[in-house]
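Report on the following structure.
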Amino acid sequence: MKPDHVLKVFLTVDTELWPNAAGWPHQPLPAGRRLDQELAADIHGLTDRGGYGLPYQLGVLRYHGLLANYFVEGLFPQQAGLEPLRHIVGLVQRAGQQVELHLHPEWATAPGDGRAQAQVCQYLCRLPVERQSALIRQAIANLRAAGAGPLQAFRAGSFGADRVTLRALAENGLRYDSSYSPSFPIGAWGQPISQPVLIDGVWEFPVSSFRDFPGHVRHAQLCACSDRELTHALESAWRARWPAFVIVLHSFEMVRKRDGGRLPVPEWPVIRRYERLCAFLGRHRERFQTALFRDWEDGALAMPATSATSAPQTLLRSRPKDTLARMAQQAWSQAWRRIS
């Protein structure tokens, strides 16, 4: 029997690189500093056992027939040039996946070109709305210059957004945001959000979460949850008839970088988790449909506009056995890191 409800699953990948330079972003990058090593580690996930970055992730998605939204950081060309961004955009779009906007204000506020150290800002929402809007506009221009198609969705770096940020997004023609995380409520949102809500003309898609033990909420991030916790949360959201479920991962999440110029090493638990999650979604597409933000209002994912005060806010809970198994796995991984 065909189920009468399909949960839209938004796989979201924060796609970024971060300079492996002492003191950055509080100290400027050395003149002429290239980011080839960061591109190899953070984007391609190159290790001594193969690559587990974007090409690998995209291949697994293709194998299972899944869609993902790649939030690509758009400000780093301010210090690294446009060519690395053009390369990243090409990888994603040639694989048939969607490029959307990610933004870390550190790239525009780090010292350099006369900027002072005191101006470094980690959270976009800590800047005046006019400055937020200007940075968003610049990041959009960079992505479009790098070949990205129309952009409609946004996630702030470090989840550093609030309702004022939504105004800046609307000013720049962006209709969807996924910066709110119950585990990291950086800015002023007014009340907890667990499902998509329409706020001041912008759809807010919160990162999904669940309670894993009393008084603690865990966000649905690949490296933070076991595959059993994630699939149980998906099953619970489907039974509760949630309209959408948002999962976070990063382009570099499946490798662990090391000091001393050594190649990164694979994060095997996270790699296996990703493969199992994608296989689960591929097997159960009658109940779980991976989705793109651009399709939310085109009829395929039609849903009545919901206000922040009227949206149902169901709290999901994990199974104790799954959480305990994940904690044991994390303890083993941390012990292994200390000796590897």
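Counting with the numbering used here, you get residues 858 to 1197 for the letters of the sequence shown. We treat Cβ as the ideally placed atom computed from N, Cα and C, and that holds for glycine.
Pick from Phe867, Glu957, Phe1016 that is closest to tyrosine 1200, judged by C-alpha positions: No answer is possible for residue 1200: the residues shown for the chain start at 858 and end at 1197.
Complete alpha helix (DSSP H) runs within the stretch 1051-1129 (minimum length 4 residues, chain order): With a minimum length of 4 residues, the continuous alpha helix (DSSP H) runs that stay inside the stretch 1051-1129 are 1084-1096.
Where glutamine 954 falls: helix, strand or coil (DSSP): coil
Length at least 3, wholly inside the stretch 958-1012: the beta strand (DSSP E) runs in chain order: none
Contact set for tyrosine 909: own chain, Cβ-Cβ below 7 angstroms, skip 5 residues either direction: Gly902, Met1111, Val1112, Pro1123, Ile1128
Whole-angstrom C-beta distance between valine 949 and valine 929, which should lie under 8 angstroms: 7 angstroms
The stretch 1021-1038 / the stretch 1051-1065 touching (three or more Cβ pairs under 8 angstroms): yes
Nonlocal neighbours in the same chain, by C-beta distance under 7 angstroms from alanine 967, ignoring five residues either side: Trp881, Pro882, Pro885, Val977
Serine 1093 versus leucine 1173: straight-line alpha-carbon distance, rounded: 7 angstroms
Start and end residues, beta strand (DSSP E) containing valine 866: 864-872
Bounding residues of the alpha helix (DSSP H) (the contiguous stretch that carries glutamate 1028): 1020-1028
Endpoints, beta strand (DSSP E) assigned at glutamine 884: Element bounds for glutamine 884: n/a, residue is neither H nor E.
Cβ contact check for the stretch 978-985 and the stretch 916-927: 3 or more pairs under 8 angstroms: no
Extent of the continuous alpha helix (DSSP H) run through glutamine 914: Per DSSP, the continuous alpha helix (DSSP H) segment holding glutamine 914 begins and ends at 911-921.
Buried/exposed call for glutamine 1048, threshold 16 Cβ in 10 Å: exposed
Rounded straight-line distance, which links the Cα of valine 863 to that of tryptophan 1095: 7 angstroms
Straight-line gap, glutamine 935 to arginine 1144 (C-alpha atoms, nearest Å): 43 angstroms
Glutamine 935: first and last residue of the uninterrupted alpha helix (DSSP H) it sits in: 934-937
As assigned by DSSP and simplified to three states, the class of arginine 1174: strand
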